[in-house]
Structures are given as C-alpha cells and as structure tokens.
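Keeping their order, the protein sequence lines are chains H and R.
Going by my numbering, the first sequence opens with residue 1, and the numbers climb by one from there.
Going by my numbering, the second sequence opens with residue 395, and the numbers climb by one from there.
2 protein chains.
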Amino acid sequence: MFDVPKGYRFAAVEAGFKYRNRCDLSLVVSDCPAHAAGVFTTNAFQAAPVVVSQKTLAGSPVARAILVNAGQANACTGEEGEKRCLATRTMVGTPLGIDPTEILVASTGVIGDQLPMDRFERGAKALVDNVGHSSALDMAKAIMTTDTFPKLVTATVSLEGGTVRLLGMCKGAGMICPNMATMLGFIVCDARVDPLWWQQTLRTAVDESFNAVTVDGDTSTNDCVLALANGQSHVEAVSRSDKRLLAAGLIDLCRELAFRIVQDAEGGTKVLRIRVSGAKSKPQAETVARVVGHSPLVKTALYGQDPNWGRIVAAVGRSGATFDPNQVSVAIGDTTIFSKGRPVEGDWDSILAPVLKRDEIVVSISLGTGRGSYELLASDLTEEYIRINADYRT
Amino acid sequence: MFDVPKGYRFAAVEAGFKYRNRCDLSLVVSDCPAHAAGVFTTNAFQAAPVVVSQKTLAGSPVARAILVNAGQANACTGEEGEKRCLATRTMVGTPLGIDPTEILVASTGVIGDQLPMDRFERGAKALVDNVGHSSALDMAKAIMTTDTFPKLVTATVSLEGGTVRLLGMCKGAGMICPNMATMLGFIVCDARVDPLWWQQTLRTAVDESFNAVTVDGDTSTNDCVLALANGQSHVEAVSRSDKRLLAAGLIDLCRELAFRIVQDAEGGTKVLRIRVSGAKSKPQAETVARVVGHSPLVKTALYGQDPNWGRIVAAVGRSGATFDPNQVSVAIGDTTIFSKGRPVEGDWDSILAPVLKRDEIVVSISLGTGRGSYELLASDLTEEYIRINADYRT
C-alpha cells in the first residue's frame, strides 16, 4: 500500500476529452487550505492553465485542490481559453464549497483547441461525486497522455516532531512533446511548512530533477510542477535540520519521478546517465552534459550499443565549454575508453557489450579542468521515436 | 561540361584506406602559387590536418595544392598524428616539386586511428602520376564518405577585366557526423585577388552558406573549407563592384553546395527552409531558426507531412528570443496556419498535403517584433537516420 499523506482525497473520471475507456479528468483535494508552490514552463507561449495557476499563486500561495485534464492542452487559445479555464474551476469549486481561487489547474493534450465545455461540465459533476472514491494511482493514470505506465512515488521523512509523508505523480512520456503538452508533476505533503521556504524548496527540487532530464530537448507550453503541503500530520518542518531532511526527501522524490519520465521516453530503450566532472564551473558542466545528452549521434550510438567515444568527444568539443582537449577522459560504466585526449586501446565492442545491453548506461566525462560537475538523465533515440512523432496526428 | 577554372589539375586514386573499388586519395594542384584562404571547425578537438592547414595559412596565405584523404580522419591522434600528416605532404610535394608548406591538407573518416603510412606512400606515388588525368568530378567523388552523390558546382563571374571561374566541391552527407568527420569544402578560382580580402570573403560566404545549414546539430573535429585563387584568368578583382560581384558569386556557389549537403543528409527525405523574420536582431532570428531546425519534433512532423504548427510554435517559444507571443505567425509554403498567437482555422491536413509532399518545404516564422531575419536549411529526421547512425560501426 502507498503511504498517502494525510488529509488528501482523490477523484478521477472519464470526461471523454480525447481518450476512450480511461479517466482523463482528475482532482486532488486537501481537507484544509494547504501551502502551495509551483514551478512553470519558461516557454514564451504559456497555456491558459499555466497563466491561471501562476496568477493564483502570485495572489496567495494557498490552495485546496489541483484540477487536471488530459487530452486538451488549452494552449494557444487566447482570452477565450483563459475564460474557459476559469469557468472549469467554478464548476468544480462551487459544489465542493471551495473558493475557485483556491484551485490550481493543469492541462495536457492537443494544443490550439478550446476546451469542450459541455463535456467538462458533465465530467465536473461526476468528478465532484467521485471525490474520495478514487486513489492517487487512479489520478496518476488519469493524467497520462502517451505515457505507457503511471508514475507515482511516495516517501516518508522522519522529522523531530514525527513522520511526514510525501506523494508525487507525474506524466511526460511524450516528453518533451509540445503537442501532447507535456510534463506535469503534482506533489502533496502533510507536513506543516513555511510557504516561502516551500516555494524555494520546490524550485530547487525541480532544478535537481525534472530540469536535469532530457528526451528531445523540446519543452512545452504546459509544463508545470505543483506542490501542496497541508500540515495534516501536525508535524512542522521548522528546525534547520528538519528543513534539510524534508528538502532532501522532496528532491529524492522528484528525482525518482524524473527517472521514470526518461524511462518512459517515447520510443526510448535506455536511460543514459551523463556525468560530467572536472569542469571550470557547474554551469559549464551542465552545458557539456546537455550538448552530449541532446546529440542525436550519441543517442543513436548508445541505442545501437556502440561505445562510440568519437561522437561523445566531438559533442564535448563543440559544447563551448573551456577545457584542454588533452585532459579529457570518457568512461562508459567503469571502463575508461578515452583518456587525456586519446582513445584507449582495447576491443571495447566486446568488453563493453554486456554494459551496453543494460537499460541504464552511465557515461562519465572528465574535463580535468576544475571542480564543476553535473548529472543529466537522457533517453536514447530510436526508430520508434520517429514513428511515434512522425505519425502522431495522422 | 564543367567550366573549370584555369591553371588547376586534379588527381584521384585508390589508396584503400577504408573503401574498396573507389578513389579515396585526391589532390588539386595549381600551376602557380595561389592565394589561399581557410575556415576551420570551432570544435575544441581539432584533427591533425586542421591544425596543420591552419598553421600553414597563418604562416603564409599562399598554396599550390590541396591534398585530401577519405576513410581516416586523423583526429584524436596526438603528436604522432600531426607528424604523419606532415609526412604525407612531403610524400606528395617532393616528387611534384612543390614545397610541402604550400600544400593544404584535409582528412575525413574514422576518428582515432593513425594514418596507415604504407598505404599512404603507395597511394601518394600513384597520385603524383595521376595529376592531370582525373577530373574535378573524380576528386569530388574521392572525398565522399557516406554521401550518396558527389557535390560539385561551377560558376562564372563577369568582372570588368573579363570572366573568372569558380569551382567548388564538398562532402558532408554524414553531416554533421563526427565519426565520419565530416564537412569538407574545397573551392578553386582563377581570379587574381587580394589575399586578405579573399580570406574575409570566404569567411562571409561560409557563414552565409555552410554555417546556415543543419542536419543534426553535431559538428566535427575535421570540418574545413579551403579556397584557392591563382590568378590564371589574368583578370583581377580589384574595383569595389568587381569585389562585390565575385563575393556574391562565391556566396551563391557555397549556398548551392550547402543545399546539396542537406539534400544528401543521412536518411533525410526533405530540405526544410526555415525563414525567420521580424526578430529584434539577426542573432535572435538565427537563434529561433536553429531551435526550430534542430527540434526533433518539428523534423519528425515535417517528415510525417504533418503541418504541426504546435511543435513549431513551442520551439519558437523556448528559443529564448524576445517577442510578444501574440504577434507570432507561422506559414508553411504560402499558407499561414498560425497568426498573431492563434491557430488559423482550416483543414490544413488536406490543404497542405501537396506542399508537404515536396522535397523542399519552406517554413516562415514571423515574430512581429523587429527587422532581424535569418534563413536556415535543415533536414528532416527519419527512421533511416537512426538506422544509419545506430548501425554505423557494427
């Protein structure tokens, strides 16, 4: 059984936005007002629910519920889109006795179409009736688009005053695919927290997890991570060590969710863990990791189980980071195949065959210049990715 | 017939570096010393021939010949690689009576292996005997790696004093693939030019052509473009209008070569012409064009003949350029499908079907903010690209 944070109830129903025979409208409600935090897409085109949730949190970082629909992104829908988004909050808030301004919203699905309000209205009625009758897993399934499995993680953290619980769910197989826009994450926690600290901590956790993964480098109009902390454990994260513990728990939870997103990457067969060390700075290490993790040639090589240091090194070389090429080394797993600017002699195809067959491959790149390091999770690139994305609409 | 610039002879032989039953070692010799210019890869890992040619031009911008081998890149080969590269110049220069420091060199092929000097020696002997017995097209074939067709373009330019001729060849299907490292371009011209102006003009031409195409965003250790102007037409490009004309001819020639590289992109079926206008500045327009042209989602959509404005718009949105989303418009061919931040209603799948079937598709993006514009040529992304690059070594 999942150890669900106290004071939350879930709902999930079939509204029929795009999918048949599965839930696509869902809700998590806190029994009491919760401190709410959010991190939103930096894309210049922001979907209506992103605009609305951002405004809501800017007004007051308190929320009672998160309302999510899958199938329609409500992005590039103009003022009308925002109006419809606000209307959906009222549809759900009024019968539940929750102020609409205390409902955060998120959408994922096709861009450009207006929400079908008749379906939303019917769905909202069913949703309100369903509150408490669905599980967190039901909601994790209801937020999926092209995901092949639901992504749900729970954790407990022992603080001085007792135990608190965290639960997170996300979707994003179509990561990072604007048309099924795209990565959504929702976290609920029963600790009592300081709202400002909660927002900062969520921001850090997202940077260390969801922002450190890449499938295809594309980011969407709808990406957001929302987090509620309702205090229903009656345990407060107040001391410095408590805060550190809860922050670490939140980061771990987000990292586990992010890993599952890469695991479920469209057409992906492997998770590539790109570790860069010895860079002049952390941002330089990140630059190198991203160039390598985005390189179609590196991604296809590792898909093909080819220990192709040449492609890795060439990507490092064009990253723009500052380093001496003669100090660069590359390892796959624990085996160094490129050392101080030169390939290491060896029959790597044979030696690394078992390592490259695994579904998680560690590529370690040492620049030998400084102490900056960064780790990025990336997917490989496969024919299946092309098929999914070339055939998506037709 | 090709109108070949005066005073150049070509040679091409089978040295057996990697390929069988085709030439892989080639040379172009100018009858007299020519003003020489070069533009080289910015990759931190530079192949030995790139280092050698760069040093040579820094010493004196005069050359008699360009020596090229395909199959071995002589990259990541350390000091020994540079020594061997220098030795190959002597092998060819001595019997031809050309100072080795007047020979520019380029290599393309597998990274990390040392040049096989026995094969090179046998090949060099044959090459020297072959000078004048091969055509420019033979050389254009001999520099190919995974290219499916040779890329050769000629042009004539009428200057005040008479006609001058340009001939350019390039390879780069495996563009931009570090392991078959990678894009090489060679241009010969029989105009008499000022050496400094020739170098600046080549740099501009490369920026406007080869640097304005992308296949997979990867650049290599060996990329270079070399250009000779030997004055054998006895026509000098001296007046401002002559210089402008010759520069324009060089840009056109390079653009045509660059187009053929994208046309021959690994696994590519289409050339995407990404036109960005209305940006705050040219660099901002370029940023947008590159983000769109590199987006795997955009590339797969156009491969799938899907007029997917959502993916284009989402890529524009994450580019980091400054603009008002409500002023952005997108057209495919002549048809606007997204206007001022909103999709235009229409059955675009039917209307655009014939346009999307073509092997060249124009995507026009207007940001409505300023006067900066940029045009990028990109390839689409296909299952075939994955197959070629996942199976390349095994």
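We put the CB at the ideal spot given by N, CA and C, even for glycine.
All of these numbers come straight from a predicted model, not from anything done at the bench.
Chain R contact residues for asparagine 43 of chain H, given Cβ-Cβ distances below 8 Å: In the first sequence, residue 43 of chain H corresponds to position 43, counting from 1. Going along chain R in sequence order, the residues near asparagine 43 of chain H (Cβ under 8 Å) are Ala708, Gly711, Arg712.
Glutamate 383 of chain H at chain R interface by Cβ criterion, 7 Å: Start at 1 with the first residue of the first sequence, and residue 383 of chain H comes out as number 383. The beta carbon of glutamate 383 of chain H sits closer than 7 Å to some beta carbon of chain R.
Tell me, which residues are paired with arginine 165 of chain H by DSSP? Position 165 of the first sequence, counted from the first residue, corresponds to residue 165 of chain H. According to DSSP, which records beta bridges pairwise, arginine 165 of chain H is partnered with H:Thr156.
With a threshold of 7 Å between beta-carbons, can arginine 736 of chain R be considered close to chain H, or not? Reading the second sequence from its first residue, position 342 is the one you call residue 736 of chain R. In terms of beta-carbon proximity, arginine 736 of chain R lines the interface with chain H, with at least one pair separated by less than 7 Å.
Would you kindly work out how many angstroms separate the C-alpha atoms of threonine 694 of chain R and aspartate 774 of chain R, rounded to a whole number? Here residue 694 of chain R refers to the residue found at position 300 of the second sequence. Here residue 774 of chain R refers to the residue found at position 380 of the second sequence. Within the model, the alpha-carbon separation for threonine 694 of chain R versus aspartate 774 of chain R is close to 6 Å.
At the 7 Å Cβ level, is glycine 698 of chain R part of the contact set with chain H, yes or no? The residue you call residue 698 of chain R lines up with position 304 of the second sequence. For glycine 698 of chain R, the nearest CB of chain H lies under 7 Å from its own CB, placing it at the interface with that chain.
In chain H, which residues lie less than 8 Å from phenylalanine 717 of chain R when you measure between Cβ atoms? Taking the second sequence and counting its residues from 1, one reaches residue 717 of chain R at position 323. Neighbours of phenylalanine 717 of chain R in chain H, taken as residues at a C-beta separation under 8 Å, are given in chain order as Ala44.
Inspect the beta-carbon positions of lysine 565 of chain R and methionine 533 of chain R and report whether they are closer than 7 Å. Locating residue 565 of chain R in the second sequence gives position 171, counting from the first residue. Locating residue 533 of chain R in the second sequence gives position 139, counting from the first residue. Contact flag unset, no.
Grouping DSSP H, G and I as helix and E and B as strand, with all else coil, what is asparagine 211 of chain H? Walking along the first sequence from the start, residue 211 of chain H turns up at place 211. DSSP, reduced to helix, strand and coil, places asparagine 211 of chain H within a helical segment of the structure shown.
If you follow the alpha helix (DSSP H) that arginine 712 of chain R is in, where does it begin and where does it stop? The residue labelled residue 712 of chain R in the question sits at position 318 within the second sequence. Here arginine 712 of chain R belongs to no alpha helix (DSSP H), and DSSP marks it neither H nor E.
Below 6 Å CB to CB, which residues in the same chain sit around isoleucine 581 of chain R once its five sequence neighbours on both sides are set aside? Sequence index remark: in the second sequence, residue 581 of chain R carries index 187 (1-based). Excluding positions up to five away in sequence, the list reads Gly562, Ala621.
Would a C-beta distance cut-off of 7 Å place isoleucine 755 of chain R and leucine 696 of chain R closer than the cut-off? To locate residue 755 of chain R, count along the second sequence from 1; it is residue 361. To locate residue 696 of chain R, count along the second sequence from 1; it is residue 302. The answer is yes: Cβ separation under 7 Å.
Can a CB atom of chain B be found closer than 7 Å to the CB of alanine 784 of chain R? The question asks about chain B, but that chain is absent: this structure's protein chains are H and R.
Can you pull the chain H neighbours of glycine 506 of chain R, defined as C-beta to C-beta under 7 Å? Here residue 506 of chain R corresponds to residue number 112 of the second sequence, with the count starting at 1. Those are Gly310, Pro343, listed as they occur along chain H.
Let me see if you follow: with CB-CB separation under 7 Å, is leucine 791 of chain R close to chain H or not? A query on residue 791 of chain R cannot be resolved here, the shown segment of chain R reaching from 395 to 788 and no further.
Does any residue of chain H have a CB that is nearer than 7 Å to the CB of glycine 503 of chain R? Position 109 of the second sequence, counted from the first residue, corresponds to residue 503 of chain R. Contact with chain H is absent for glycine 503 of chain R, since none of that chain's Cβ atoms lies less than 7 Å from the residue's Cβ.
Boundaries of the alpha helix (DSSP H) in which histidine 294 of chain H is found, first to last residue: Position 294 of the first sequence holds residue 294 of chain H. Here the alpha helix (DSSP H) through histidine 294 of chain H covers 282-294.
Is methionine 183 of chain H buried or exposed, if buried means 16 or more other CB atoms sit within 10 Å of its CB? One-based indexing of the first sequence puts residue 183 of chain H at position 183. Residue environment: methionine 183 of chain H is assigned as buried (16 or more neighbouring CB atoms within 10 Å of its CB, all protein chains considered).
Among H:Thr146, H:Asn74, H:Ala136, H:Pro95, the one whose alpha carbon lies nearest that of methionine 117 of chain H: Numbered from 1 along the first sequence, position 117 holds the residue referred to as residue 117 of chain H. The residue among H:Thr146, H:Asn74, H:Ala136, H:Pro95 with its C-alpha nearest the C-alpha of methionine 117 of chain H is H:Asn74.
For threonine 201 of chain H, would you say it is in contact with chain R, using Cβ-to-Cβ distances shorter than 7 Å as the test? Taking the first sequence and counting its residues from 1, the one referred to as residue 201 of chain H is at position 201. It does not: the Cβ of threonine 201 of chain H has no partner Cβ on chain R nearer than 7 Å.
Below 8 Å, how does it come out for the region 666-684 of chain R and the region 752-770 of chain R: are there three or more Cβ pairs, yes or no? Contact holds between the region 666-684 of chain R and the region 752-770 of chain R, because three or more Cβ pairs, one in each stretch, are under 8 Å apart.
Mind reading off the beta-carbon distance from phenylalanine 120 of chain H to alanine 15 of chain H? Whole number of angstroms is fine, and I expect it under 8 Å. Sequence index remark: in the first sequence, residue 120 of chain H carries index 120 (1-based). Sequence index remark: in the first sequence, residue 15 of chain H carries index 15 (1-based). That pair is a contact at about 6 Å.
Listed by chain order, chain H residues near threonine 694 of chain R by CB distance under 7 Å: The count along the second sequence starts at 1 and reaches residue 694 of chain R at position 300. Result: Ile386, Asn389, Ala390.
Quick check on glycine 472 of chain R - is its C-beta less than 7 Å from some C-beta in chain H? Within the second sequence, the letter at position 78 stands for residue 472 of chain R. It does; some Cβ of chain H falls within 7 Å.
Output the distance between the C-alpha atoms of aspartate 129 of chain H and proline 701 of chain R, rounded to the nearest integer angstrom. Translated into the one-based positions of the first sequence, residue 129 of chain H becomes position 129. Translated into the one-based positions of the second sequence, residue 701 of chain R becomes position 307. Cα to Cα, the separation comes out at about 41 Å.
Given a limit of 7 Å on CB to CB distance, which residues of the region 240-252 of chain H reach chain R? Residues of the region 240-252 of chain H whose Cβ lies closer than 7 Å to any Cβ of chain R: none.
Minimum length 3: unbroken beta strand (DSSP E) runs contained in the region 403-455 of chain R: If we require 3 residues or more, the beta strand (DSSP E) runs fully inside the region 403-455 of chain R come out as 419-434.
Fully enclosed by the region 624-708 of chain R, which beta strand (DSSP E) runs are 3 residues long or longer? If one requires a minimum length of 3 residues, the beta strand (DSSP E) runs lying completely within the region 624-708 of chain R are 665-673, in chain order.
Alpha helix (DSSP H) containing serine 744 of chain R: first to last residue? Indexing the second sequence from 1 puts residue 744 of chain R at position 350. Boundaries of the alpha helix (DSSP H) harbouring serine 744 of chain R: 742-745, taken from the DSSP string.
Excluding sequence positions up to five away, which residues of its chain have a Cβ less than 8 Å from the Cβ of valine 456 of chain R? Working through the second sequence from its first residue, we reach residue 456 of chain R at position 62. Within the same chain, Pro427, Ala428, His429, Ala430, Glu496, Pro589 come within 8 Å of valine 456 of chain R by CB-CB distance, once the 5 residues on both sides are set aside.
Could you check the C-alpha separation between isoleucine 337 of chain H and arginine 712 of chain R for me, to the nearest Å? Counted from its first residue, the first sequence places residue 337 of chain H at position 337. Counted from its first residue, the second sequence places residue 712 of chain R at position 318. Rounded to whole angstroms, the gap between the alpha carbons of isoleucine 337 of chain H and arginine 712 of chain R is 35 Å.
Hey, out of R:Val707, R:Val619, R:Leu560, R:Val587, whose CA is closest to aspartate 646 of chain R's CA? Reading the second sequence from its first residue, position 252 is the one you call residue 646 of chain R. Looking only at R:Val707, R:Val619, R:Leu560, R:Val587, the smallest Cα-Cα distance to aspartate 646 of chain R is reached by R:Leu560.
In whole angstroms, give me the CA-to-CA distance for lysine 125 of chain H and cysteine 189 of chain H. Counting from one through the first sequence, the residue named residue 125 of chain H turns up at place 125. Counting from one through the first sequence, the residue named residue 189 of chain H turns up at place 189. Cα atoms of lysine 125 of chain H and cysteine 189 of chain H: separation of roughly 27 Å, rounded to the nearest angstrom.
According to DSSP, is isoleucine 386 of chain H part of a helix, a strand, or is it coil? By one-based count along the first sequence, residue 386 of chain H stands at place 386. In the structure shown, isoleucine 386 of chain H sits in a helix (DSSP, three-state: H, G or I).
Closer than 7 Å, CB to CB, is leucine 666 of chain R near chain H or not? In the second sequence, the residue the question calls residue 666 of chain R occupies position 272. Not closer than 7 Å to any Cβ of chain H, the Cβ of leucine 666 of chain R fails to qualify, so no.
Taking beta-carbon pairs under 7 Å, can you tell me which members of the region 678-691 of chain R lie near chain H? Flagged, chain order: Ser689, Pro690, Leu691.
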